[in-house]
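Novice:
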Amino acid sequence: MLRSFHRSRRPTHHVGTLLQRITMTNQKPSAELVEHRSKLRHSAAHVLAEVVLDMFPEAQLTIGPPTQDGFYYDFAVGTPFTPEDLKKIERQMRKSIGRNHPFIEREVSRAEAAEIVKDNRFKLEILEGIPEGETVTFCSHGDFEDLCRGGHVESTGQIKAVKLLTTSGAYWRGDEKNPMLQRIYGTAWESKEAQQEYIDRLAEADRRDHRKLGPQLGLFFFDPLSPASPFYLPKGTHIFNSLVNFVKDLYATYGYQEVMTPLIYNTELWKMSGHYEAYHEHMFTMEVDEREFGVKPMNCPPAMMVYKSDLRSYRDLPIRWADFSRLHRYELSGATHGLIRTRAFTQDDAHIFCTREQIGSEVKGFIDMLVKAYKIFGFDEVRFALSLRPEKRIGSDELWDEAEETLENLLSEFGIEYVRMSGEGAFYGPKIDVFVPDAIGREWQLGTVQLDFNQPDRFGLEYVAEDGSRQRPAMIHRAMLGSIERFMGVWIEHIAGAFPVWIAPVQAVVVPITDRHNDYCHDVGKILGRAGVRIEVDDSSDRMNAKIRKAQLQKVPYMLVVGDREQEAGEVSVRLRSGDDLGSMPIASVESRIAEEVANFK
RNA sequence: GCCUCGGUGGCGCAGUGGCUAGCGCAGCCGACUUGUAAUCGGCAGGUCGGGAGUUCGAAUCUCCCCCGAGGCUCCA
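Using this note's numbering, you'd call the opening residue of the first sequence number 536 and step up by one each time.
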């Protein structure tokens, strides 16, 4: 029951947004700079509030904290802000900053504070939330004053660069039961250059967006008739299958077997597994023959069924069953995002049934496989998090102690640093989640390994132990790439769509300079094609330059240019997509070069 | 689900009450025969997301619906 990567969330807890996902990793800023930026952005939020209040006197102030790369402020206003409003507000903010007012904090008694904010229910609520012992402070600059815990730069003039980005609705306290406020997002920096760098990074993220690259590279598309569900074109299907085959090859080494299970089940199964109560709103259900059926959102209940299809001996354990079934989950329309969060997807899912004693080596084996695999995809840095027991959970504390300790010991044994995330575990057990930063510093959660002592209980799984007694196996849910869709999306952005030679849908394009070279080029195509190279011959009526441009835009690794010289010598001129010209070489050299790269996952 | 912004040929866009709705790319046809990121010319391609309304007249104004994008954790 792998839940971590397509897990159900309340509407207020969606997948990290573009802005939030982007963090600085290239040049790690010093602690002082981080502190300064935080103050700067908090200060910018004050200036924003000042201007908004000036332009919209009826607006009520709520909160305005700094964030990773900027700040926001939530306002209670009658009508939402328009993009034009944003521009005006930004201009006014610059004026206010130009006046270089100092930020002045003053302590205020509780009664006085309550009097000042008496017409603002949000501020009153904040005031009530301040613990008795703490002092209440207000902070002002110019004529503007706001209830504030402090933490500003000295004066508005220190905000050297500021830009308002977007506006959106946001619930008070993030709870959809509360009234909706209007949020303005902005960013602020210590210098114009730092801000420009940030803007450039946003543009770079946009350039790498897999939702744009996918159709451009002929990989996949979406259609409203099957919302949030990818259609794979031949090239995308090639990538998908290659990823699956890559995993299957590893499975051969690591002792996994593969099973295939049905897509649709009678609701009875989902009642047994607990999904019917806990997951029903995320399932596609249908009525057939006056009975209710559900399309599976997870593979674990079928795995239980497979296990129960025969009497199992301790000699059979551990059992590792992979299941690449397509899964369908109903995700809220606002929560879906390209391949990252879909309603139809495939996990490189597997369930391991084993004895308590075997848990350690199984988890270790999985992490070992995962780290090696990630390196191949260019994710050298891997961060681990140990997600511990959530409040709402099942099973005894002893069992949780045991499970958490097992995972924790393994991480230590592996010499792996990790973050403990309390309350983040699955309801049936703790898990180790794997995060990777991509090429432009955004962090993604991909793999996961989860210990489950509960599901085997619900399904009454057993094995016959050495002494003839019936014992309950433990179950490990694990996925390495996570969902193939999600992985593909993340990886495309990581490599900006330039697939390595081993997996590129088209590895080489032969470029005839004039059409009198076409025949020879087709010969080259046949020779390399027979050698296993995925190759195309561009015999269109375009000029050579245009053919090269087309191949470049398709991010084809090799361009083999042929003119009179090459044809006479029986060679090809090799251009790489990096722009490097390797000069003319025999066809056999190209073949061996590509073969070597494929063998080494280059 | 909720807030904001959008939906115009395959794709990217222009067009805010008035002639046959434009442009670029892609596509098709033809000419050119070219040394490492766009050759030239021609042709074809659109119920302006859908529905209803206002109007002599709607891509353009009003209402409803559908779809998409961005946002809805980071608490004075």
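Note that beta-carbon positions come from the ideal geometry of N, C-alpha and C, so glycine has one too. Note that this is a predicted model, so its numbers are computed, not measured.
My assumption, with CB atoms under 8 Å, is that Arg634 sits in contact with Thr691. Please give the rounded CB distance.
Specialist: Translated into positions along the first sequence, residue 634 becomes position 99. Translated into positions along the first sequence, residue 691 becomes position 156. Arg634 to Thr691, Cβ: 7 Å. Contact.
Novice: How far does the beta strand (DSSP E) with Asp987 in it reach, from first residue to last?
Specialist: Mapped onto the first sequence, residue 987 falls at position 452. Element bounds for Asp987: Glu978 to Asp987.
Novice: Determine the DSSP secondary structure at Asn801, reduced to helix, strand or coil.
Specialist: On the first sequence, position 266 is the one that residue 801 refers to. Note: Asn801 maps to strand in three-state DSSP.
Novice: Go ahead and pull the three-state DSSP assignment for Leu1095.
Specialist: Mapped onto the first sequence, residue 1095 falls at position 560. DSSP places Leu1095 in strand when its eight states are reduced to three.
Novice: When the Cα of Arg736 is compared with those of Asp973, Phe781, Pro714 and Val841, which residue comes out closest?
Specialist: Taking the first sequence and counting its residues from 1, the one referred to as residue 736 is at position 201. Comparing Cα-Cα distances from Arg736 to each of Asp973, Phe781, Pro714 and Val841, the minimum goes to Asp973.
Novice: To the nearest angstrom, report how far apart Pro615 and Gly704 are at their CA atoms.
Specialist: Along the first sequence, one-based indexing puts residue 615 at 80. Along the first sequence, one-based indexing puts residue 704 at 169. Their Cα atoms are separated by approximately 8 Å.
Novice: From Gly930 to Arg1021, what distance separates their C-alpha atoms?
Specialist: As a first step, residue 930 is located in the first sequence; it is residue number 395 there, counting from the start. As a first step, residue 1021 is located in the first sequence; it is residue number 486 there, counting from the start. About 31 Å.
Novice: Count the other C-beta atoms from every protein chain shown that fall within 10 angstroms of the C-beta of Ile1129, then say buried if there are 16 or more, exposed otherwise.
Specialist: On the first sequence, position 594 is the one that residue 1129 refers to. By the 10 Å Cβ count, Ile1129 comes out buried.
Novice: Using a 10 Å radius around the Cβ and a threshold of 16 neighbouring Cβ atoms, would you call Asp654 buried or exposed?
Specialist: Stepping through the first sequence from its first residue, residue 654 is reached at position 119. That one is exposed.
Novice: Quick check on Arg1078: buried or exposed, where buried means 16 or more other Cβ atoms within 10 Å of its Cβ?
Specialist: Counting from one through the first sequence, the residue named residue 1078 turns up at place 543. The residue is exposed, with fewer than 16 neighbouring Cβ atoms inside 10 Å.
Novice: Quick check on the DSSP output: the alpha helix (DSSP H) that includes Phe994 runs from which residue to which?
Specialist: Residue numbering aside, residue 994 sits at position 459 when the first sequence is read from its first letter. Its alpha helix (DSSP H) spans residues Gln990 to Phe994.
Novice: So, helix, strand or coil for Arg850, using DSSP?
Specialist: In the first sequence, counting from the first residue as 1, residue 850 sits at position 315. Of the three classes helix, strand and coil, the one that applies to Arg850 here is helix, per DSSP.
Novice: Who are the Cβ neighbours of Arg684 in its own chain at under 8 Å, not counting the five residues just before and after it?
Specialist: In the first sequence, the residue the question calls residue 684 occupies position 149. Here the set comprises Thr672.
Novice: At which residue ranges does the segment 1057 to 1125 contain complete beta strand (DSSP E) runs of 3 or more residues, listed in the order of the chain?
Specialist: 1070 to 1072, 1093 to 1097, 1106 to 1111 and 1116 to 1121, all fully within the segment 1057 to 1125.
Novice: Count the CB pairs spanning the segment 644 to 662 and the segment 564 to 581 that are closer than 8 Å, and state whether there are at least three.
Specialist: As far as the Cβ criterion goes, the segment 644 to 662 does not touch the segment 564 to 581, which means the pair count is below three.
Novice: List the endpoints of the continuous beta strand (DSSP E) containing Cys889.
Specialist: Numbered from its first residue, the first sequence carries residue 889 at position 354. First-last of the beta strand (DSSP E) with Cys889: Ala879 to Cys889.
Novice: Using only alpha-carbon positions, find the residue among Pro832, Arg850, Arg861 and Lys899 that is nearest to Val779.
Specialist: To locate residue 779, count along the first sequence from 1; it is residue 244. Cα-wise, what sits closest to Val779 is Arg861.
Novice: Cα separation between Glu1103 and Thr1049?
Specialist: As a first step, residue 1103 is located in the first sequence; it is residue number 568 there, counting from the start. As a first step, residue 1049 is located in the first sequence; it is residue number 514 there, counting from the start. Spanning the two alpha carbons is a distance of roughly 14 Å.
Novice: Does the segment 693 to 702 come close enough to the segment 639 to 651 that 3 or more CB-CB pairs lie under 8 Å?
Specialist: Too few Cβ pairs lie closer than 8 Å, so no.
Novice: Bridge partners of Leu792, per DSSP?
Specialist: Working through the first sequence from its first residue, we reach residue 792 at position 257. Just to set this straight, residue 792 is Gln in the shown sequence, not Leu. For Gln792, which the question treats as bridged, DSSP gives the partners Trp856.
Novice: Quick one: what does DSSP say Phe755 is sitting in, helix, strand or coil?
Specialist: Position 220 of the first sequence, counted from the first residue, corresponds to residue 755. Correct three-state label for Phe755: strand.
Novice: Starting from the Cα of Gly829, find the closest Cα among Tyr800, Pro853, Arg850 and Arg1013 and give me that residue.
Specialist: Start at 1 with the first residue of the first sequence, and residue 829 comes out as number 294. When each option's Cα is compared against that of Gly829, the closest is Tyr800.
Novice: For Leu934, which residues of its own chain have a beta-carbon under 7 Å away from its beta-carbon, when the five flanking residues on both sides are left out?
Specialist: By 1-based counting over the first sequence, the position of residue 934 is 399. Cβ within range, chain order: Phe988.
Novice: Is the segment 745 to 763 touching the segment 787 to 800 in the sense that three or more CB pairs, one from each, lie closer than 8 Å?
Specialist: Because the criterion of three Cβ pairs below 8 Å is not met, the segment 787 to 800 and the segment 745 to 763 do not touch.
Novice: Under a three-way DSSP split, which group does Leu785 fall into?
Specialist: Here the question's residue 785 lines up with position 250 in the first sequence. Of the three classes helix, strand and coil, the one that applies to Leu785 here is helix, per DSSP.
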